[in-house]
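Written out below as structure tokens is the structure these notes cover.
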Amino acid sequence: MIPELGHFALVVALGLALVQGAVPFWGARCRDPALMAVAAPAAVGQLAFVGVAFVALVWCHVASDFSVLTVYENSHSAKPLIYKIAGVWGNHEGSMLLWVLILALFGALAAVFGRGLPATLRADTLAVQGWIAAVFDLFILLTSNPFVRLAQAPFEGRDLNPILQDPGLAIHPPLLYLGYVGFSITFSFAVAALIAGRVDAAWARWVRPWTLAAWMVLTLGIATGSYWAYYTLGWGGWWFWDPVENASLMPWIGGTALLHSAVVLEKRGALKVWTILLAVLTFSLSLLGTFLVRSGVLTSVHAFAQDPARGVFILAVLMLFVGGGLALFAWRAPVLQRGGLFAPISREGALVFNNLFLVTACATVFVGTLYPIALEALTGEKISVGAPFFRATFVPLFVPVLIAMSFGPLLPWKRGDLHGAAQRLVGALAIALVGIAATLAVDSRGPVLAPFGLGLALFVMAGAVADLVERIGLFRSPFATAVRRAGGLPRSAWGTMVAHFGVGLCVLGIVGETLWGAERIAALKPGQTQSIRHYDVTFDSVTPRQGPNYRELAGTFTIRRNGQTIGVMEPSRRVYPVRGTTTTEAALMTRGASQLYLSLGDPDPDGATVVRFYHKPLVLLIWLGPVVMMLGGALSLSDRRVRVGAPRPAGAGRAVQAAE
Amino acid sequence: MNRAGRWFGLLVALLAITVAAVVAARAVQPDEMLKDPLLEARARALSRDLRCMVCQNQSIDDSEAPLARDLRVLVRERLTEGDSDRQVMDFLTARYGPFVLLKPPLEWQTALLWFGPAAILVVAAAALLLTARRRKSPHQGPDGGGEDTRLSATEEAHLAELLAAADSPGPRPTS
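If you read the protein sequences in the order shown, they are chains A and B. If you count the first sequence from 1, position 545 lands on 546 in our numbering, and the numbers rise without skipping. If you count the second sequence from 1, position 138 lands on 318 in our numbering, and the numbers rise without skipping.
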């Protein structure tokens with residue numbers, strides 16, 4: 002009964018989405034307020050019915066209703082409750098339902114918070130949101146129905162893939178989807194602006210907070226996924242340039258570029274056309290990511306061709322929205338009025354520079370991810386594009402962005418002075434040089450790139466702080482004045498500083514982990530000791546244990562530094578009998594921002610166990626950086642400019658001018 | 181398709197996923213490693229650029245698959261026999277084709293891969309410069325500042341229409 006209820010709710014949601022897509026759109030064309038007013042209740046209803054469908058599916062998983070195919074395939078009655086719930090989106094059908102739920106959530110949010118928008122803009126935006134919802138509701142119902150029943154219900158399920166039974170993976174997909182799908186709002190908004198043929202102050206004011214919100218969750222989502230891979234896969238890697246990861250990185254880079262061009266649009270009314278294009282592209286990249294991950298095209302072109310129903314459907318959706326969006330852009334963009342002008346050396350100029358390099362970096366990931374697929378489809382030739390390619394191309398493209406990042410906030414709008422900005426960065430440069438010199442002095446035989454990497458990270462962090470120091474006149478005026486000024490700075494300025502500082506932290510972590518990390522691999526018997534960096538690790542024992550739905554072999558290791566015991570680590574190897582899968586549970590010991598990482602291999606016939614030891618200096622900064630970036634985003638989102646006027650319908654247009 | 185057939189397909193797919201999950205993680209074993217630390221370091225560096233051809237996007241250094249182990253041993257054998265890094269890579273490419281290289285060599289088929297993004301950068305930068313120059317010259321002051329306040333043709337028409345409609349009070353300043 003419950004699965005049928007969910008199925009039915011989804012069908013109703015499809016009907017509502019069609020209404021939401023058609024009626025307000027028509028209303029906007031013939032300026033009928035009654036028809037346009039249908040949009041908001043339809044969007045809220047969409048959320049309600051998709052919500053019912055989703056809750057129904059969660060109920061099936063929690064109640065272990067194995068008569069439902071997806072539950073049978075992905076659940077088990079002995080699974081802990083949290084993984085029964087997380088298992089809902091641990092498979093194709095459920096994750097698509099989550100995707101649609103989040104889409105409906107954003108649609109409803111836009112309906113609720115969009116009351117201050119001009120009526121036609123709001124109607125068009127929600128209508129476009131309705132088209133997306135309709136297509137994806139249809140996709141689920143036709144090709145990926147999660148409510149399909151089995152004629153004879155099995156007694157037990159096949160369990161969720163054990164590497165997915167992890168808290169990291171319980172929250173990673175929802176965050177990622179919140180980010181991906183969050184960009185649907187900017188897309189709908191951009192399409193609505195193209196239909197109307199104008200980008201006004203209300204549009205400019207709206208697009209940045211929504212982009213920022215989506216970007217924040219996407220940042221956190223990618224960081225969660227990376228940390229999950231780091232501790233789950235058992236060899237301490239945190240980014241593999243895997244197509245699935247690239248699929249999430251592309252919308253993130255696109256979103257970052259969009260965020261920065263939206264700032265120019267909001268503050269200066271410039272880059273209108275470019276911002277619209279980026280909004281279309283960013284959501285297109287989100288759709289592309291969904292297509293890449295969900296169609297099976299990544300596994301092999303042949304697997305895609307053999308079971309094409311889903312793949313072809315998503316490809317058609319992709320072409321409809323990307324092709325349609327870009328065609329509409331090509332047709333309508335010339336109608337848009339051009340915005341304000343600026344000199345090349347100015348805040349706008351710096352942000353254009355940022356966009357240029359970000360878009361190129363994004364294109365590198367795009368080409369690298371799709372090239373093997375395209376080449377094989379076209380010529381049948383198989384090539385591999387992996388981490389070494391991306392390291393050789395993506396990293397050099399990102400370095401200019403990092404350097405320019407410190408200059409941007411120091412340049413005034415319209416026309417700036419590079420020399421003046423450079424003078425204000427002397428302090429940051431000095432810190433970076435001291436860092437380089439210190440690295441060379443301490444570790445002169447280390448990796449060649451290490452000092453420069455460290456210098457760059459320090460420059461980015463110090464540059465972010467330099468902007469703040471400059472703005473409050475920390476060393477020029479009395480301390481009390483500086484503190485008072487710091488309190489008076491708009492939160493968006495603090496947000497920029499914090500977010501840029503977070504980027505520096507992340508770079509520092511990457512430099513530390515990749516260039517100074519140490520690794521030892523040894524076959525040890527209980528009682529033997531292995532040393533890595535300053536640590537002596539003694540293998541004490543190995544013991545079998547029984548978990549709720551797995552058995553494990555856990556090793557106990559004592560960690561000593563200078564003869565003093567500082568802790569015990571217990572890595573293990575688990576066997577999940579239902580699927581016969583083995584997983585590695587690495588043990589982590591955090592020391593400051595660095596970690597000691599132990600992972601257990603198989604026992605030898607002669608009683609020794611293969612153990613991998615890693616020392617990962619500053620590794621935690623890799624994920625702390627994105628968290629700080631997200632906090633910066635949150636600060637900026639709480640800025641007065643965004644808060645004031647948002648709930649006030651009439652004042653929206655005026656508040657922009659007041660904030661100039 | 182009948183239900184039994186679909187079931188069988190699902191089982192095969194699940195089996196494939198399970199095998200892939202078992203295969204994942206933990207690669208280089210202590211017994212493979214070379215005594216000479218310099219040679220071993222070179223072997224590790226080379227392994228990171230070589231693809232485990234039965235895995236999804238894993239280097240032989242990361243993969244636990246038997247084929248990856250064979251390749252790791254092979255790389256070490258060649259190095260012990262005195263091959264240069266280049267010779268090892270050439271040897272493996274000749275044997276397994278370019279698919280084994282995680283960084284594809286620059287050839288005609290990969291030109292777009294290597295130069296595509298650079299081309300985008302150059303074209304976009306050139307387009308930006310051209311637009312900036314074109315927009316600056318005709319109707320803007322030399323400082324490049326200020327908004328373009330001129331009305332477009334459609335707006336002129338619209339304005340004329342509005343003025344005509346409100347003709348009696350005469351033209352008002354448009355703010």
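For glycine and all other residues, C-beta sits at the position ideal for the given N, C-alpha and C.
- Counting only runs that start and end inside the segment 243–307 of chain B, the alpha helix (DSSP H) elements of at least 4 residues fall at 246–260 and 265–276.
- CA-CA distance, residue 478(A) to residue 489(A), rounds to 15 Å.
- Residue contact with chain A for residue 250(B): absent (no Cβ-Cβ distance below 8 Å to any residue of chain A).
- In its chain, beyond the 5 residues on either side, 527 and 557 have a beta carbon closer than 6 Å to the beta carbon of residue 542(A).
- Residues of chain B with a Cβ closer than 7 Å to the Cβ of residue 382(A) are, in chain order, 289.
- When secondary structure is reduced to three states using DSSP, residue 154(A) falls in the coil class, being assigned neither helix nor strand.
- In summary, residue 227(B) is buried, with 16 or more beta-carbon neighbours lying within 10 Å of its beta-carbon over all protein chains present.
- Distances from the alpha-carbon of residue 622(A) to those of 534(A), 270(A), 546(A) and 505(A) put 505(A) closest.
- Boundaries of the alpha helix (DSSP H) harbouring residue 453(A): 450–473, taken from the DSSP string.
- Within the segment 352–371 of chain A, 353, 357, 358, 360, 361, 362, 364, 365, 368 and 369 place their CB atoms closer than 8 Å to a CB of chain B, listed in sequence order.
- Between residue 129(A) and residue 189(A), the beta carbon gap of about 4 Å places them in contact (Cβ cut-off 8 Å).
- Its Cα nearest to that of residue 565(A), the residue 537(A) stands out among 242(A), 292(A) and 537(A).
- Secondary structure note for residue 612(A): its beta strand (DSSP E) is the uninterrupted segment 610–617.
- Taking the CA atoms as reference points, residue 554(A) sits about 30 Å from residue 619(A).
- Identification of residues in the segment 384–406 of chain A having a C-beta nearer than 8 Å to some C-beta of chain B yields 384, 385, 386, 387, 388, 389, 390, 393, 394 and 398, given in sequence order.
- Shown here, residue 422(A) sits in a helix according to DSSP, grouped into three states.
- Rounded to the nearest angstrom, the gap between the Cα atoms of residue 631(A) and residue 289(A) is 24 Å.
- Taking 8 Å as the CB threshold, residue 215(B) stays off the interface with chain A.
- The C-beta of residue 270(B) has fewer than 16 other C-beta atoms within 10 Å across all chains shown, which makes the residue exposed.
- Taking a C-beta distance under 8 Å as the contact criterion, residue 87(A) and residue 176(A) do not qualify as a contact pair.
- As a beta-bridge residue in DSSP terms, residue 576(A) pairs with 552(A) and 583(A).
- The beta-carbon separation of residue 279(B) and residue 385(A), rounded to 6 Å, stays under the 8 Å limit for a contact.
- In the structure shown, residue 571(A) falls within a coil segment according to DSSP collapsed to helix, strand and coil.
- Counting along the chain, residue 604(A) sits inside the beta strand (DSSP E) bounded by residues 595–604.
- With respect to the 8 Å criterion, residue 44(A) and residue 111(A) are classified as neighbours on the basis of their beta carbons.
- For the pair residue 325(A) and residue 24(A), the Cα-to-Cα distance works out to about 20 Å.
- In this chain, residue 97(A) is not harboured by any beta strand (DSSP E); it is covered by the alpha helix (DSSP H) spanning 93–114.
- Cβ-Cβ distances below 6 Å link residue 624(A) to 224 and 228 in the same chain, with the five nearest sequence neighbours on each side left out; the list follows chain order.
- In terms of Cα proximity to residue 313(A), the closest of 332(A), 330(A), 328(A) and 293(A) is 293(A).
- Judged by DSSP secondary structure, residue 522(A) falls within the beta strand (DSSP E) whose first and last residues are 519–525.
- In chain B, no part has a C-beta under 8 Å from the C-beta of residue 166(A); the shortest such distance is about 12 Å.
- Using a Cβ-Cβ cut-off of 8 Å, residue 522(A) is close to 208, 209, 210 and 213 of chain B, given in chain order.
- Leaving aside the five residues that flank residue 398(A) on each side, the residues in its chain whose CB is nearer than 8 Å to its CB run, in chain order, 358, 361, 362 and 365.
- The three-state secondary structure of residue 476(A), taken from DSSP, is coil.
- Between residue 167(A) and residue 233(A), the gap from beta carbon to beta carbon is short of 8 Å.
- Three or more beta-carbon pairs separated by less than 8 Å link the segment 201–221 of chain A to the segment 256–266 of chain A, which places the two stretches in contact.
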